[in-house]
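Residue numbers (this note's numbering): 1004 to 1094. Yeah, the Cβ is synthetic: ideal placement off N, Cα and C, and Gly gets one too. These numbers come from a predicted model, not from an experiment. Down below is the structure, laid out as structure tokens.
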């Protein structure tokens, strides 16, 4: 089915981080006025640390969990710390 959508859709399906995008809301991060938790893994090859750092810098009062022993699957790699942090955040 993805192949039927054309080459751009196929590239996006297999490598969404390399597709050109005009959707950019970084200049609006400061408008977020509710509790926000950003979680990032040091070895995440899908969502690079620089992206989470930019989000953290743009939102006032954000809570940030940096998983120093995880990649993209922190819920598996550092499950205890992640679950505790999320539970504390939402309680």
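| message | Just to confirm my understanding: we take residue 1065, look at its own chain, exclude 5 residues before and 5 after, and list those with CB closer than 7 Å. What are they? | response | Leaving aside the five residues that flank residue 1065 on each side, the residues in its chain whose CB is nearer than 7 Å to its CB run, in chain order, 1039, 1041, 1059.
N- and C-terminal bounds of the alpha helix (DSSP H) containing residue 1084: Per DSSP, residue 1084 belongs to the alpha helix (DSSP H) from 1082 to 1093.
Within its chain, find whatever has a CB closer than 7 Å to the CB of residue 1074; leave out the 5 residues flanking it on each side and keep chain order. Closer than 7 Å at the Cβ level, and outside the excluded window around residue 1074, lie 1044, 1046, 1047, 1048, 1080.
- request: Taking only the alpha-carbon atoms, compute the straight-line gap between residue 1086 and residue 1076 and give it to the nearest angstrom.
  value: Rounded to whole angstroms, residue 1086 to residue 1076 spans 13 Å at the Cα level.
### Backbone CA spacing between residue 1068 and residue 1078 [nearest angstrom]
Spanning the two alpha carbons is a distance of roughly 12 Å.
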